[in-house]
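First to last, the protein sequences are chains A and B. Here the first sequence stands for residues 7 to 457, where the numbers follow this note's numbering. Here the second sequence stands for residues 7 to 457, where the numbers follow this note's numbering. Glycine included, C-beta positions come from ideal geometry on N, C-alpha and C.
2 protein chains.
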Amino acid sequence: MTNLCNTLGIKYPIIQGGMAWIADATLAAAVSNAGGLGIIAAGNAPASWVRDQIRLAKTLTSKPFGVNIMLMSPHSAEIAKVVAEEKVAVVTTGAGDPSPYIENWAACGVKIIPVVASVAFAKRVAKKSVTAIIAEGSEAGGHIGDLTTMALVPQVVDAVNIPVIAAGGIGDGRAIAAAFMLGAAGVQVGTRFLVAKECNIHQNYKDKVIKANDISTIATGKRLGHPVRALKTPFSRNFFAKEYDSSVTNEELEALGAGALKLAVDGDEENGCFMAGQVAGLITKEQTAAEIIEEMFAQANAALYNRHTDKDNNAIHKILPHREPMLVVDEIQLQDGISVGKYTVRGSEFFLQGHFPGNPVVPGVILCEMMAQSSCLLVDWEENHTPYFTGLNKVRFKNKVLPGDTIIFKCELISKKQPFYFVKGSGYVGDTLCVSGELSFAVLKNSKISW
Amino acid sequence: MTNLCNTLGIKYPIIQGGMAWIADATLAAAVSNAGGLGIIAAGNAPASWVRDQIRLAKTLTSKPFGVNIMLMSPHSAEIAKVVAEEKVAVVTTGAGDPSPYIENWAACGVKIIPVVASVAFAKRVAKKSVTAIIAEGSEAGGHIGDLTTMALVPQVVDAVNIPVIAAGGIGDGRAIAAAFMLGAAGVQVGTRFLVAKECNIHQNYKDKVIKANDISTIATGKRLGHPVRALKTPFSRNFFAKEYDSSVTNEELEALGAGALKLAVDGDEENGCFMAGQVAGLITKEQTAAEIIEEMFAQANAALYNRHTDKDNNAIHKILPHREPMLVVDEIQLQDGISVGKYTVRGSEFFLQGHFPGNPVVPGVILCEMMAQSSCLLVDWEENHTPYFTGLNKVRFKNKVLPGDTIIFKCELISKKQPFYFVKGSGYVGDTLCVSGELSFAVLKNSKISW
Numbered sequence: 007m008t009n010l011c012n013t014l015g016i017k018y019p020i021i022q023g024g025m026a027w028i029a030d031a032t033l034a035a036a037v038s039n040a041g042g043l044g045i046i047a048a049g050n051a052p053a054s055w056v057r058d059q060i061r062l063a064k065t066l067t068s069k070p071f072g073v074n075i076m077l078m079s080p081h082s083a084e085i086a087k088v089v090a091e092e093k094v095a096v097v098t099t100g101a102g103d104p105s106p107y108i109e110n111w112a113a114c115g116v117k118i119i120p121v122v123a124s125v126a127f128a129k130r131v132a133k134k135s136v137t138a139i140i141a142e143g144s145e146a147g148g149h150i151g152d153l154t155t156m157a158l159v160p161q162v163v164d165a166v167n168i169p170v171i172a173a174g175g176i177g178d179g180r181a182i183a184a185a186f187m188l189g190a191a192g193v194q195v196g197t198r199f200l201v202a203k204e205c206n207i208h209q210n211y212k213d214k215v216i217k218a219n220d221i222s223t224i225a226t227g228k229r230l231g232h233p234v235r236a237l238k239t240p241f242s243r244n245f246f247a248k249e250y251d252s253s254v255t256n257e258e259l260e261a262l263g264a265g266a267l268k269l270a271v272d273g274d275e276e277n278g279c280f281m282a283g284q285v286a287g288l289i290t291k292e293q294t295a296a297e298i299i300e301e302m303f304a305q306a307n308a309a310l311y312n313r314h315t316d317k318d319n320n321a322i323h324k325i326l327p328h329r330e331p332m333l334v335v336d337e338i339q340l341q342d343g344i345s346v347g348k349y350t351v352r353g354s355e356f357f358l359q360g361h362f363p364g365n366p367v368v369p370g371v372i373l374c375e376m377m378a379q380s381s382c383l384l385v386d387w388e389e390n391h392t393p394y395f396t397g398l399n400k401v402r403f404k405n406k407v408l409p410g411d412t413i414i415f416k417c418e419l420i421s422k423k424q425p426f427y428f429v430k431g432s433g434y435v436g437d438t439l440c441v442s443g444e445l446s447f448a449v450l451k452n453s454k455i456s457w
Numbered sequence: 007m008t009n010l011c012n013t014l015g016i017k018y019p020i021i022q023g024g025m026a027w028i029a030d031a032t033l034a035a036a037v038s039n040a041g042g043l044g045i046i047a048a049g050n051a052p053a054s055w056v057r058d059q060i061r062l063a064k065t066l067t068s069k070p071f072g073v074n075i076m077l078m079s080p081h082s083a084e085i086a087k088v089v090a091e092e093k094v095a096v097v098t099t100g101a102g103d104p105s106p107y108i109e110n111w112a113a114c115g116v117k118i119i120p121v122v123a124s125v126a127f128a129k130r131v132a133k134k135s136v137t138a139i140i141a142e143g144s145e146a147g148g149h150i151g152d153l154t155t156m157a158l159v160p161q162v163v164d165a166v167n168i169p170v171i172a173a174g175g176i177g178d179g180r181a182i183a184a185a186f187m188l189g190a191a192g193v194q195v196g197t198r199f200l201v202a203k204e205c206n207i208h209q210n211y212k213d214k215v216i217k218a219n220d221i222s223t224i225a226t227g228k229r230l231g232h233p234v235r236a237l238k239t240p241f242s243r244n245f246f247a248k249e250y251d252s253s254v255t256n257e258e259l260e261a262l263g264a265g266a267l268k269l270a271v272d273g274d275e276e277n278g279c280f281m282a283g284q285v286a287g288l289i290t291k292e293q294t295a296a297e298i299i300e301e302m303f304a305q306a307n308a309a310l311y312n313r314h315t316d317k318d319n320n321a322i323h324k325i326l327p328h329r330e331p332m333l334v335v336d337e338i339q340l341q342d343g344i345s346v347g348k349y350t351v352r353g354s355e356f357f358l359q360g361h362f363p364g365n366p367v368v369p370g371v372i373l374c375e376m377m378a379q380s381s382c383l384l385v386d387w388e389e390n391h392t393p394y395f396t397g398l399n400k401v402r403f404k405n406k407v408l409p410g411d412t413i414i415f416k417c418e419l420i421s422k423k424q425p426f427y428f429v430k431g432s433g434y435v436g437d438t439l440c441v442s443g444e445l446s447f448a449v450l451k452n453s454k455i456s457w
């Protein structure tokens with residue numbers, strides 16, 4: 007995760023999908039400015055349009071962005087050259103094998119991330135100079151393969167030695183966390199960015215995505231060997247029916263699809279092909295690209311690290327710089343000069359998983375951390391300052407704290423000599439003393455904030 | 007997770023898929039004995055067969071097991087009665103709406119877990135007396151819906167207030183961890199149990215699953231409105247081709263499919279329909295049900311909690327009872343009576359996530375834990391004993407430990423008075439002292455091991 011961000015020079019491991027006719031310089035720059043990797047989709051556009059968009063994006067962001075090349079485009083060879091000449095940071099490729107262009111791009115410092123839908127193709131491109139691979143599942147919008155994200159990603163992860171980025175079905179932060187579990191180093195997101203405020207599609211398109219529910223999409227074109235997922239509309243229902251009518255030739259079917267995406271982008275509800283993924287049902291509103299990305303990663307972190315999903319921790323978030331999973335108190339209050347912290351052991355906490363298997367006991371060091379956090383109302387906070395432990399003295403662990411227990415800490419300030427604070431505290435479960443001790447810490451100015 | 011296990015009386019939150027013709031008393035009992043919830047699949051079998059299998063399973067396991075009722079079966083009403091009479095612990099239902107039977111089952115103490123493939127149906131059954139819902143994605147084997155697991159599970163989780171069990175695409179522990187991230191409380195697994203040693207299908211079937219790769223399955227029957235996923239074989243390729251031939255009637259297609267699963271179970275490679283999910287490509291060998299379940303959950307825990315996936319921690323596992331994520335040393339050695347521990351900070355550790363956002367510093371309490379673990383070679387271990395902190399004294403934190411740092415702890419035994427040990431330790435990054443202090447702990451006999 008961190009490595010992919012470092013490699014691509016981005017803050018969040020999220021790549022915007024290369025949506026033809028949709029992903030222009032405005033959207034790409036917005037995503038890049040928000041800390042992801044924005045992508046200009048070349049689609050079937052001529053090379054000159056792509057060059058203009060790249061130059062426009064450069065005026066809109068100083069962050070890295072990329073270009074998606076649809077390799078079946080008649081202009082793909084020319085666009086490949088433009089990308090190299092303009093020294094675009096990253097190229098993602100779809101609908102074909104990018105091998106003929108890889109060496110030239112790599113020589114120009116362009117990072118290459120092909121989109122794959124099977125293990126065999128992943129293995130083939132991973133032998134070349136590519137930076138990562140996007141493994142895209144069939145729940146995605148637009149052109150899709152057969153395998154779903156859940157089935158595809160771990161099989162690709164096992165097959166290659168480069169970072170794998172999961173695509174398809176990534177509608178919110180839960181799916182980002184799930185992708186990490188499957189072994190992905192990052193995600194590619196398309197559908198959710200359809201409703202980005204910076205996305206220049208017709209309002210009809212956005213409204214349809216927002217109104218969609220779980221069963222609002224359909225995959226058509228299976229008979230032609232290149233299925234497309236789109237919202238159920240008169241166009242897609244008609245296409246689906248014709249697929250099973252053998253009096254309709256494949257040529258006629260192909261002709262039916264041509265230009266339909268562009269019509270959707272322009273808002274034609276009757277004849278447009280409104281490409282979207284199965285997660286459309288999760289999308290409820292327009293947001294800026296930055297809001298989308300930040301919300302998704304906050305949700306991913308909550309899924310990955312947050313045992314506090316059962317309640318609102320905003321009050322404590324305002325006081326303490328600690329965040330899940332190292333935020334280990336539920337409540338803190340000042341009572342007659344004593345800082346009182348409270349925590350109920352849920353049983354599912356990370357620290358009980360390994361301490362100890364089959365015998366869950368809150369680790370002593372976590373009790374120390376709880377006691378320290380409980381004392382935070384004794385401190386004079388300043389902005390951009392962080393508290394660090396400087397010492398622990400006379401700490402005694404008297405009784406075990408177990409799942410189901412509620413422990414209450416009472417902490418008193420003994421002395422201060424800024425930036426140092428000396429505190430005495432104790433923690434009780436009911437009337438039973440479990441821990442007591444003396445803590446000292448220093449509240450220091452942050453020397454450096456890095457991501 | 008814990009709640010679902012408690013509710014169902016099982017150790018691991020895994021339910022075996024209700025595979026018609028395949029899941030008999032032998033397989034169900036093996037899965038239940040291994041800590042999951044085994045399921046006898048009624049399929050199209052008569053009620054008398056189901057009753058016999060239930061009674062046989064009761065002789066093979068004392069653990070709870072279930073029956074899957076395929077509601078389109080002509081025998082389903084009769085089987086529903088048998089299940090209530092035999093007081094089976096759990097019923098899972100597929101291919102229809104179980105509503106007519108729910109009140110009677112609930113009155114008899116049978117827990118009901120319907121399989122759903124869409125949000126609307128999930129909402130409908132969740133209003134009844136059901137214990138949980140299985141949300142099954144289209145990557146599953148056998149009869150499937152349209153939505154993939156990644157897209158379906160979070161949308162169902164948002165729509166209902168009962169536990170959701172993820173099915174489809176759960177081939178190994180990574181997918182279990184991913185399912186938890188999506189909000190699932192457990193998983194249902196079918197394909198992986200096809201190769202359980204206790205699964206009574208023909209060896210040809212098992213061999214095909216083991217040989218399968220990622221693209222070895224195909225979904226047929228979409229035209230009929232009830233698609234089935236199976237391995238690509240002469241039967242399924244033929245069926246797929248005929249679907250797009252409008253001279254073949256729907257009745258002819260239906261007739262083509264009838265009985266084909268049973269032929270596969272009996273090993274007919276030409277005419278059998280070898281149902282399997284897209285995760286078949288992940289399956290490499292026959293194992294007992296217990297081996298499958300334990301391997302999957304070990305892998306899930308590794309994904310969820312283990313930052314040590316990059317190396318083999320077996321040596322330390324033998325010494326310390328701590329497990330990830332509370333196992334926070336990489337190596338421990340005894341050198342001239344001094345216990346030396348070593349840890350390299352990777353940057354992705356759980357404790358850096360929340361301590362502090364944008365400013366990762368190893369928490370002081372984690373340094374104390376590292377120092378304590380580093381001292382473990384000074385202790386005389388006995389079986390069924392666990393070390394607990396009793397005190398911390400004169401602990402001084404002198405310098406921050408940051409991502410990339412390797413910290414080395416040296417710990418010396420000051421005195422012991424069994425069960426108490428008194429240790430002095432210090433931790434250095436290079437020549438810089440980061441922490442020092444005195445630790446005491448007690449090695450106590452385990453009073454109780456609970457799961």
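Measuring alpha carbon to alpha carbon, tell me which of L14(B), G287(B), N110(B) and F186(B) ends up nearest A306(A). Cα-wise, what sits closest to A306(A) is F186(B).
Closer than 7 Å by C-beta to I372(A): which residues in its own chain qualify, once you throw out the five before and the five after it? Chain order, please. The answer, listed in chain order, is V334 and F357.
Whose C-alpha, out of S432(B), G189(B) and K87(B), is nearest the C-alpha of A112(B)? The option with the nearest alpha carbon to A112(B) is K87(B).
So what's F428(B) in DSSP terms, helix, strand or just coil? Reduced to three states, the DSSP call for F428(B) is strand.
Give a yes or no on whether the minimum CB-CB distance between H314(A) and chain B is below 8 Å. Residue confidence is low: H314(A) scores 41 on pLDDT, short of 50, so the model does not pin down where it sits. Its coordinate-derived value is still stated next. Among the CB atoms of chain B, none fall inside 8 Å of the CB of H314(A).
State yes or no: is the beta carbon of S456(B) nearer than 8 Å to at least one beta carbon in chain A? For S456(B), the pLDDT reaches just 33, beneath the cut-off of 50, and the residue's location in the model is therefore unreliable, leaving the point undetermined.
Give the straight-line distance between the Cα atoms of K416(B) and A183(A), rounded to the nearest whole angstrom. A straight line joining the alpha-carbon of K416(B) with that of A183(A) spans about 37 Å.
Confirm, please, whether the CB-CB distance from G433(B) to V195(B) is below 8 Å. Between V195(B) and G433(B), the C-beta gap is not smaller than 8 Å, which leaves the two residues out of contact.
With 8 Å as the limit, tell me which residues of the segment 385–405 of chain B have their beta carbon closer than that to any beta carbon of chain A; keep them in chain order. From the segment 385–405 of chain B, only T392, Y394, F395, T396, G397, L398, N399, K400, V401, R402 and F403 have a Cβ closer than 8 Å to chain A.
Chain B residues whose Cβ lies nearer than 8 Å to that of L333(A): Within chain B, the residues near L333(A) are G360.
I'd like the span of the alpha helix (DSSP H) that includes A157(A), first residue to last. T155 to A165 is the span of the alpha helix (DSSP H), which, as asked, contains A157(A).
Once DSSP output is grouped into helix, strand and coil, what is the label at T255(A)? Residue state, collapsed to three classes: coil.
Helix, strand or coil for K217(B) per DSSP? K217(B) sits in a helix when the DSSP states are folded into three classes.
Taking the straight line between their C-alpha atoms, what separation do you get for N4(A) and A34(A)? Nothing can be reported for residue 4(A), as the shown portion of chain A is limited to 7 through 457.
For a test of the three-state rule: what should DSSP assign to A202(A), helix, strand or coil? The answer is strand: DSSP assigns A202(A) an E or B state.
In whole angstroms, what separates the C-alpha of C114(B) from that of V429(B)? Per the coordinates, the alpha-carbon of C114(B) lies some 60 Å from the alpha-carbon of V429(B).
For the segment 44–52 of chain B against the segment 63–78 of chain B, are there 3 or more C-beta pairs whose distance is under 8 Å? Counting Cβ pairs under 8 Å, three or more are found: they touch.
So with CB distances below 7 Å, who are the chain B contacts of V131(A)? The premise fails here: V131(A) is roughly 15 Å from chain B at the closest Cβ pair, so nothing lies under 7 Å.
Identify, in the order they occur along the chain, each residue of the same chain with its Cβ nearer than 7 Å to the Cβ of L267(A), setting aside the five sequence neighbours on each side. Excluding sequence neighbours, L267(A) sits near A26, W27, C279 and M281.
What residue from V367(B), I322(B) and A165(B) has the CA that sits closest to L383(B)'s CA? Ranked by how close their Cα comes to the Cα of L383(B), the residues V367(B), I322(B) and A165(B) have I322(B) in first place.
Using a Cβ cut-off of 9 Å, which residues of the segment 189–220 of chain B contact any Cβ in chain A, in chain order? Taking a C-beta cut-off of 9 Å against chain A, the contacting residues of the segment 189–220 of chain B are G189, N219 and D220, listed in chain order.
Assess contact between the segment 153–168 of chain A and the segment 161–168 of chain B, defined as three or more Cβ pairs (one per stretch) separated by less than 8 Å. Is contact present? Remark: fewer than three beta-carbon pairs, one from each stretch, lie closer than 8 Å, so the segment 153–168 of chain A and the segment 161–168 of chain B are not flagged as touching.
Just reading off the alpha helix (DSSP H) that E84(A) is part of, what are its end residues? Counting along the chain, the alpha helix (DSSP H) containing E84(A) begins and ends at S82 to E91.
For a cutoff of 8 Å on Cβ pairs, would you count F356(B) as touching chain A? Interface criterion met: the Cβ of F356(B) is under 8 Å from a Cβ in chain A.
Is the CB of P363(B) under 8 Å away from at least one CB in chain C? Although the question refers to chain C, the structure presented lacks it and instead comprises the protein chains A and B.
Which residues in the same chain have their Cβ closer than 7 Å to the Cβ of P233(B), if we skip the five residues on either side of it in sequence? In the same chain as P233(B), and ignoring 5 residues on each side of it, the C-beta atoms closer than 7 Å to its own belong to I150, A225, T226 and G227, in chain order.
8 Å Cβ cutoff, I372(A) in contact with chain B: Chain B places a beta carbon closer than 8 Å to that of I372(A), counting this residue as a contact.
Name the one or two DSSP bridge partners that S54(B) has. Looking at the DSSP output, S54(B) sits in no beta bridge, so it has no partner there.
Mind listing, in chain order, the continuous beta strand (DSSP E) runs of no fewer than 3 residues lying wholly within the segment 223–292 of chain B? Taken in chain order, the complete beta strand (DSSP E) segments of 3 or more residues contained in the segment 223–292 of chain B are 223–226 and 234–237.
Please confirm if H81(B) has its CB atom under 8 Å from at least one CB of chain A. With 8 Å as the cut-off, H81(B) does not count as an interface residue toward chain A.
Name, please, each residue of chain A whose Cβ falls closer than 7 Å to the Cβ of M25(B). What M25(B) touches in chain A: nothing, since even the nearest Cβ is about 18 Å away.
Taking 8 Å as the cut-off, does the segment 404–419 of chain B touch the segment 434–442 of chain B (at least 3 CB pairs, one atom from each stretch)? At 8 Å Cβ cutoff, the stretches touch.
Going by C-alpha distance, which of A31(B), I298(B) and A40(B) is nearest L15(B)? A quick correction: the sequence has Gly, not Leu, at residue 15(B). For the residues A31(B), I298(B) and A40(B), the minimum Cα distance to G15(B) belongs to A40(B).
Range of the contiguous alpha helix (DSSP H) that encloses T137(B): Element bounds for T137(B): n/a, residue is neither H nor E.
Closer than 8 Å by beta-carbon distance: list the chain A residues that pair up with G42(B), in chain order. Simply none; closest approach about 18 Å.
Examine chain A for any beta-carbon lying closer than 8 Å to the beta-carbon of H328(B), and answer yes or no. By this cut-off, H328(B) is an interface position.
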